Every structure is written in C-alpha cells, then in structure tokens.
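Asks: Chains as they are written, first to last, in our numbering: chain A, 1 to 350; chain B, 1 to 350.
Provided herewith is a single structure, encoded as structure tokens, for subsequent inquiry.
There are 2 protein chains.
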Amino acid sequence: PPAVMQAMQRPMIYHRGATFRGFFKGLLKQLERVHQTEGSVLVLPGTGSAGWEIALVNTLSPGDQVLAVVAGDFGERWARVAERFGLRVSRVEVPWGRAATIEVVRPALEANPDVKAVLYTYNETSTGVANPLPEVGELVRQHGGLLLVDGVSAVAGMPLEMDSWGVDLIFSGSQKAWMCPPGLVIVGVGPRAWAAGERAGFPRAFWDLREYREQAGTGDMPSTAPLTLLYALQAACDLIEAEGLEQVFARHRALAELVRTGAIRLGYRLLADPAFASPTVTALLPPDGLEADTVVQELRARHGIEVNGGQGRLRGKILRVGHMGWVHEPELHRLLAALEDVTGALRGKR
Amino acid sequence: PPAVMQAMQRPMIYHRGATFRGFFKGLLKQLERVHQTEGSVLVLPGTGSAGWEIALVNTLSPGDQVLAVVAGDFGERWARVAERFGLRVSRVEVPWGRAATIEVVRPALEANPDVKAVLYTYNETSTGVANPLPEVGELVRQHGGLLLVDGVSAVAGMPLEMDSWGVDLIFSGSQKAWMCPPGLVIVGVGPRAWAAGERAGFPRAFWDLREYREQAGTGDMPSTAPLTLLYALQAACDLIEAEGLEQVFARHRALAELVRTGAIRLGYRLLADPAFASPTVTALLPPDGLEADTVVQELRARHGIEVNGGQGRLRGKILRVGHMGWVHEPELHRLLAALEDVTGALRGKR
Numbered sequence: 001p002p003a004v005m006q007a008m009q010r011p012m013i014y015h016r017g018a019t020f021r022g023f024f025k026g027l028l029k030q031l032e033r034v035h036q037t038e039g040s041v042l043v044l045p046g047t048g049s050a051g052w053e054i055a056l057v058n059t060l061s062p063g064d065q066v067l068a069v070v071a072g073d074f075g076e077r078w079a080r081v082a083e084r085f086g087l088r089v090s091r092v093e094v095p096w097g098r099a100a101t102i103e104v105v106r107p108a109l110e111a112n113p114d115v116k117a118v119l120y121t122y123n124e125t126s127t128g129v130a131n132p133l134p135e136v137g138e139l140v141r142q143h144g145g146l147l148l149v150d151g152v153s154a155v156a157g158m159p160l161e162m163d164s165w166g167v168d169l170i171f172s173g174s175q176k177a178w179m180c181p182p183g184l185v186i187v188g189v190g191p192r193a194w195a196a197g198e199r200a201g202f203p204r205a206f207w208d209l210r211e212y213r214e215q216a217g218t219g220d221m222p223s224t225a226p227l228t229l230l231y232a233l234q235a236a237c238d239l240i241e242a243e244g245l246e247q248v249f250a251r252h253r254a255l256a257e258l259v260r261t262g263a264i265r266l267g268y269r270l271l272a273d274p275a276f277a278s279p280t281v282t283a284l285l286p287p288d289g290l291e292a293d294t295v296v297q298e299l300r301a302r303h304g305i306e307v308n309g310g311q312g313r314l315r316g317k318i319l320r321v322g323h324m325g326w327v328h329e330p331e332l333h334r335l336l337a338a339l340e341d342v343t344g345a346l347r348g349k350r
Numbered sequence: 001p002p003a004v005m006q007a008m009q010r011p012m013i014y015h016r017g018a019t020f021r022g023f024f025k026g027l028l029k030q031l032e033r034v035h036q037t038e039g040s041v042l043v044l045p046g047t048g049s050a051g052w053e054i055a056l057v058n059t060l061s062p063g064d065q066v067l068a069v070v071a072g073d074f075g076e077r078w079a080r081v082a083e084r085f086g087l088r089v090s091r092v093e094v095p096w097g098r099a100a101t102i103e104v105v106r107p108a109l110e111a112n113p114d115v116k117a118v119l120y121t122y123n124e125t126s127t128g129v130a131n132p133l134p135e136v137g138e139l140v141r142q143h144g145g146l147l148l149v150d151g152v153s154a155v156a157g158m159p160l161e162m163d164s165w166g167v168d169l170i171f172s173g174s175q176k177a178w179m180c181p182p183g184l185v186i187v188g189v190g191p192r193a194w195a196a197g198e199r200a201g202f203p204r205a206f207w208d209l210r211e212y213r214e215q216a217g218t219g220d221m222p223s224t225a226p227l228t229l230l231y232a233l234q235a236a237c238d239l240i241e242a243e244g245l246e247q248v249f250a251r252h253r254a255l256a257e258l259v260r261t262g263a264i265r266l267g268y269r270l271l272a273d274p275a276f277a278s279p280t281v282t283a284l285l286p287p288d289g290l291e292a293d294t295v296v297q298e299l300r301a302r303h304g305i306e307v308n309g310g311q312g313r314l315r316g317k318i319l320r321v322g323h324m325g326w327v328h329e330p331e332l333h334r335l336l337a338a339l340e341d342v343t344g345a346l347r348g349k350r
C-alpha cells in the first residue's frame, strides 16, 4: 500500500530514545487488538519461517513429544524443524487439500496423551485450506498441552480471537496479510506459553521471547530495532483499523469467492475442500490437458502477472493465487481476464 | 544516505523470479569484494546480535570448548550466548579500553589447547577499541581452531581481508558501516568454517548457513527475501565501490581523528588505548566533575544531537560517538561545536 511504502521514508530516530519508545508501545497495542488478546504480542526481526523454531524453543525441551498436524507443505516443514531440534514428533497426516478438523486431531491426541504441544497451521498456504482453528483450540484445551499455531498467511486477513479460542502462541510474517515488506515476525504469546517457557530447556538467545517481553515493557527491543519495517507495520495497522477488522475479513472472504467463482467458470477446480477454502490464498487444479506450470509461465509472459505454482508434492500440479493484504477487486478481475486469455490460448494449442 | 533510502522505494519483485535472482547474485558478489574473500558471503534476515548464535550453531557442538576474548560489553554478551548454548567457555578478560592483542590471546590459547574456536570482536563498540584482527588471525591459524569474529561495527568501515587474515567466519549488521536500516545480518564464511559445519552438532533450521549457501547458488534465499533491505544494501555497496574501499577506510580514520582531537581539546579523554582507537566509534571519558550522562542529555536537549552513553559496566561513565557509514566532516564539526557549548555550560554551573 502507498501509505506503507511512504511510512518507510520517515526519518530514522534513535532506537533507544523516548520517541521510539512511545511509537513502539503504541504499535504493540495495535497488534494486540488484531490478535484479540490481553496477552503479549511481540515483534522480532526475521521472516515467517523463523516462527517455527521461535515457537518450539520458547515452550519446549529436547525430547518432548509434540503432535504435528500436517495438511500441506508448510505443516510438513514445521514438523521437520521440530525433528531437527530433537523433539519426538508424532504426525497427523491429512490429505493435501483437506482440512485438519477435530475429527482427525482428536484420535491423534487420544493416542498420544503425553503430547506437550500441538503444531497447527491455521491457513495452509500450499493448499489454500483454512483450517478450523477455533474448534481445534477448544479440543486442545480439553485435552491439555499447548496449541502452537503457524498463522503466517492468516493473521490480519482472517479472524483471530487468540484468547477466547485458546491459542497459546501464534506467529505471522510482515509480508503476508500485514501488507508490509518481509523482515518481521509477529508473535502472539498467551499465559500458558509463558508458563511453559519458564520450564523450556532449549538454549535460546536471539529468539528468547522473555527478553523481547522484558524490553517491550519499556518500549524497547533487545537488539537494534528494524525501524523502517516497524514504521511500515504501524502504517499497515492504521489501515486495518481504519477499515475495521470485520470489514477486512469480509473483504478477504469476498475476494476469495470472486477468484474461486471466476476460476471454476474457466474450468479450473479447487484443490481445497470448498467448506474450508482459504480467504487469503486459492489453489487451483488446471483443466484436464493443461499443465499448471505452463499456465503460471504464460500468465507471466503474456500478462506480467505473477502467481505461484505448487510446492512440495504439489509441484507442477496446481497454481496458487494470493489475495491477501493490499488486494482489491480490480486487480483480481485483471487476473481472471488474463487467466481466461491464457487458458483459451493453451486449449487452442492442444 | 539518500541513495539507500531511495533504493527502498523500488518496486517489489517476485522473490523467486529471474529478476530477483540476477539482482541477488550480483549483490552477493559485491559483498564478497568488501570481505576480500573467495569464499561465501551470505545475507540473513535478523540483526547483528543474531550473529553470535549464527556463528556458534553453524560450526560447533554442545560441550565444545571455546575461548571468548572479552574486552567490552559486546564480547561479554557473546560469551554469555555461548554459555547459554552449552559451550564450555574460557574467557580472556581484557581491561575495557585496552586492545585484545596477541600478547593476551596467545597464553590463553596455550593454556587451552582443546579450544575449538576463538570468539573475537574486531571492533568493540562499547569501548571504541579496534582490536588487531590480522595478528590474531595469524596466531589462531598457527594454533588451530576456528576464528569466529563479531564484525558488527567494523565490516565496510574498517579494512578486512577475510582470506589472507585467516578469518573463518565474520558477521556484521546492515545498520552499521553498511549505512542501511537494521534488519539484515551479513555473514562471511570460509572453507574451514564450512568443514566444521559438517560436523557441528547444534540443531539449526532458520540459521542454517548450509541452506543459505545452497539457495544462494541459484540466487535464492531459503525464506522470503527482505527485498527492501536488500535493495538498500545494494545501493550501499554501490556507494562503497564508487568511493573505493581504501578511500572509505581512509575517510573513517580521518573522521575518527577529527573527533578525537576535537574532544581532547575540550578536556575529554579517550577510553581507548590511542594505539587501538577505533575508526568507527569513539568512547570519551568526560572532564573531571562532569557526568557523562548529563552531557548526553544536554546534547540532545540543547542541540538535538544523539550520542550514546556507556553500557554494561561503563554505564554512566562515558559517552560514545559513532562515526561510521554515511558520516562526513560537517556533521562532526557540528557535533564538536555542540559538545563545546554543552561542556562550557556544564562547567559554568559547577
């Protein structure tokens, strides 16, 4: 958004001064409102992928058992990070494109009563599925254990009530629905996660959330604040609050519906179970006889439009359209017109 | 610098596309030239403080013995990070303000023959001391073990010949002599560090340099590239190469001399051993009867000029003037005039 880009040109201020402290405390309050939490929301330098290990090393100890709910490539990557860090990882595998519902999570929890934490992806970017976080939150609360959530392509674009849903920790990246350049991880932390952190045995320094919390009390960060990105994030929060959270979420739902309807009309099929289709990203299977990657290439070559292909085991099989953050109807209409052109041209060639 | 700020307004490009890859490969080549290395220089999202653990987890295993050369607050903080990560840390303590010379490092190395790595701070920002890295590099090569270097306030402002000096790993932060906003860690990695990395037992994911190296081969980054900051870093490299590395270093030396001479004339004393006074930051002891923090406050209140106070055990005892990156004579003359005004006013009050 122009307002976000302009915010990055604001003059540098001293990152240990009163001006910065007032600014930063205000930003954290805005972030708490978006997370709907009375707990802490912290900002760290990094990208969304750092969230996987931030969540683990701040709440767990090597050898702890965790349940990784894997319904796509990002869930799979989080599970692998957990294994690298020496956690005992039980996987719940969900067919890619289906949702990770309580029906699949409950039996896994019952079979693994010692689970210290559930690793759950709110919005699986690789499949375009929005998983039912509120229901899973309630389930995990009943069972016990922490609910750690990858919210990378969800937070600020999809509803989140961190406290009432029982989310213990959720992280997101500045470049997704936050509409900013990449470079910040935003982490919401609830009281159970803080309590677990007191017992957590992983060594940690740069990712130690306790230090970020302590410094946040005075409006500081443990190391040099990434000021331009924080300016951008504040401008984005201003935009979100001016539009209104409910309206932001409604806009995302409407834009997703627009993309789905338009693509289906052209012969594409949703990868996602329609009941759980994501409001922020749509994954499409091409019409029979068309190669997904060819569609991606032609959209770029003929129209200068970038969409993503599949990743992990979906490589070459789907195309993915992001419609989160600073996206509105006109550019999605242009995208659908381009998709119609490319699809027609490729079909004509067969 | 204006050119750096303008670079951040360049349009966002797709971070997995050919345009990005060409841009990023070119940037890495520029960084290699500044490091004077045939090895790899990698860029990670983060701040300079992340460098401490990036260096450790990529080259060592829990329980390894390391020698931490502590000559100031940043050296001390690195030693503490090493302890947190379960390394056996032997400290060489150097009085703050003195240099960590081979005379103090050699006996410590001889007393600790099993040392796997030496943790060394090239420029100790807290004391304004530039430590003799070339000599220590030669010493460590003779002894064996890795030389891991905190180059946060040094690289791009002070000479560095990574390969010929025997530096195995050195990290720096974008917001120091690189003249950029904070948010990037730049890490130079030599062949011995890579070899050690193959045996290193620390779990790592986001900080895994092997993944950054693998992705750099095709001009990619493992997670979303912090594009605006990379644009800024490229603009800074362009400025540095246009001025010429030798000229950049000479300018820093001249500016440091200007600050030292001016401050001494006003009755301030150098904290640093003059033979090792830093070209990028000067630490000053106030004239007798003046409080350092009062000088810092008055510079801000009367002149709007920000200088730093002391940190760690030097809190309240010194003021520190940074003169690295995009700094030139006129603003340092203004600083010295302001310091003269404040010093005179405070002396008059006594």
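Note that the Cβ used here is the ideal one computed from N, Cα and C, for glycine as well.
Keep in mind that this is a model prediction, so the values were computed, not measured.
Should Phe276/A and Leu56/A be called a contact, given that it needs their Cβ atoms to be closer than 8 Å?
Replies: Result no, Cβ atoms of Phe276/A and Leu56/A do not sit closer than 8 Å.
Asks: Have a look at Thr280/B, Trp207/B and Trp165/B and flag the residue whose alpha-carbon is nearest the alpha-carbon of Ala50/A.
Replies: It is Trp207/B.
Asks: Is Leu258/B close to chain A? Criterion is C-beta to C-beta, closer than 8 Å.
Replies: For Leu258/B, the answer is no, since every Cβ of chain A falls outside 8 Å of its Cβ.
Asks: Pick from Ala82/B, Ser174/B and Phe74/B: whose alpha carbon is nearest that of Asp64/B?
Replies: If we check each option's Cα against that of Asp64/B, Ala82/B comes out closest.
Asks: Determine contact between the segment 122-131 of chain A and the segment 279-286 of chain A, defined as no fewer than three beta-carbon pairs at a distance below 8 Å.
Replies: The segment 122-131 of chain A is in contact with the segment 279-286 of chain A.
Asks: For the beta strand (DSSP E) containing Tyr120/A, name the first residue and the last one.
Replies: Note, Tyr120/A: beta strand (DSSP E), Ala117 to Thr121.
Asks: Is the Cβ of Thr224/A closer than 8 Å to any Cβ of chain B?
Replies: At least one chain B Cβ lies under 8 Å of Thr224/A.
Asks: Applying the 10 Å Cβ sphere with the 16-neighbour rule, what's the burial state of Arg265/B?
Replies: Arg265/B is exposed by the Cβ-count criterion.
Asks: Taking DSSP's pairing of strands, which residues face Gly128/B in a bridge?
Replies: Note: Gly128/B sits in no beta bridge, so no partner.
Asks: List the residues of chain B whose Cβ lies closer than 9 Å to the Cβ of Phe24/A, in chain order.
Replies: The contacting residues do not exist; Phe24/A stays about 13 Å from chain B at best.
Asks: Once the 5 residues before and after Arg106/A are set aside, which same chain residues still bring their CB inside 7 Å of it?
Replies: Here the set comprises Leu139.
Asks: Using only CA atoms, which one of Gly183/A, Ala292/A and Gln311/A lies nearest to Val342/A?
Replies: The option with the nearest alpha carbon to Val342/A is Ala292/A.
Asks: Please classify Lys116/A as buried or exposed, where buried requires at least 16 neighbouring CB atoms within 10 angstroms.
Replies: Result: buried.
Asks: Shortest alpha-carbon distance to His323/B belongs to which of Lys317/B, Arg260/B, Ala256/B and Thr261/B?
Replies: Comparing Cα positions, the closest option is Ala256/B.
Asks: Decide if Asp168/A is buried, meaning its Cβ has at least 16 other Cβ atoms within 10 Å, or exposed.
Replies: Buried.
Asks: Could you name the residues of chain A that Tyr14/B contacts, counting a contact when the two beta carbons are closer than 7 Å?
Replies: Correct list: Glu306.
Asks: Beta-carbon separation of Asn131/B and Ala79/B under 8 Å?
Replies: Not a contact, by the Cβ cut-off of 8 Å.
Asks: Answer yes or no: does any C-beta atom of chain A fall closer than 8 Å to that of Pro330/B?
Replies: Taking Cβ atoms only, chain A never reaches closer than 8 Å to Pro330/B, which makes this a no.
Asks: Tell whether a beta-carbon distance below 8 Å holds between Val66/B and Leu184/B.
Replies: Going by C-beta atoms, Val66/B is not nearer than 8 Å to Leu184/B.
Asks: In this structure, does DSSP put Ile54/A in helix, strand or coil?
Replies: DSSP places Ile54/A in helix when its eight states are reduced to three.
Asks: CB-CB under 6 Å to Arg251/A, same chain, minus the five flanking residues each way: which ones, in chain order?
Replies: Excluding residues within five positions, none has a Cβ falling inside 6 Å.
Asks: For the segment 43-73 of chain B, list every residue whose C-beta sits within 7 Å of some C-beta in chain A, in sequence order.
Replies: So the close ones are Pro45, Gly46, Thr47, Gly48, Ser49, Ala50, Trp52 and Glu53.
Asks: Should Thr228/A be flagged as near chain B, meaning a C-beta pair shorter than 8 Å?
Replies: It does: the Cβ of Thr228/A has a partner Cβ on chain B nearer than 8 Å.
Asks: The alpha helix (DSSP H) spanning Gln175/A covers which residue range?
Replies: Looking at the DSSP string, Gln175/A is not in any alpha helix (DSSP H), and its letter there is neither H nor E.
Asks: For a test of the three-state rule: what should DSSP assign to Ser49/B, helix, strand or coil?
Replies: DSSP places Ser49/B in coil when its eight states are reduced to three.
Asks: Considering only residues of the segment 269-305 of chain B, which uninterrupted beta strand (DSSP E) runs meet the minimum length of 3 residues and lie entirely inside it, listed in chain order?
Replies: Runs of the beta strand (DSSP E) inside the segment 269-305 of chain B: 281-285.
Asks: Start and end of the alpha helix (DSSP H) containing Arg33/B?
Replies: Here the alpha helix (DSSP H) through Arg33/B covers Ala18 to His35.
Asks: In whole angstroms, what separates the C-alpha of Asp158/A from that of Phe249/A?
Replies: Reading the sequence as shown, one finds Met at residue 158/A and not Asp. Rounded to the nearest angstrom, the two C-alpha atoms are 5 Å apart.
Asks: Below 9 Å on C-beta distance, what does Met365/A contact in chain B?
Replies: Within the shown structure, residues of chain A are numbered from 1 to 350, placing residue 365/A beyond reach of any answer.
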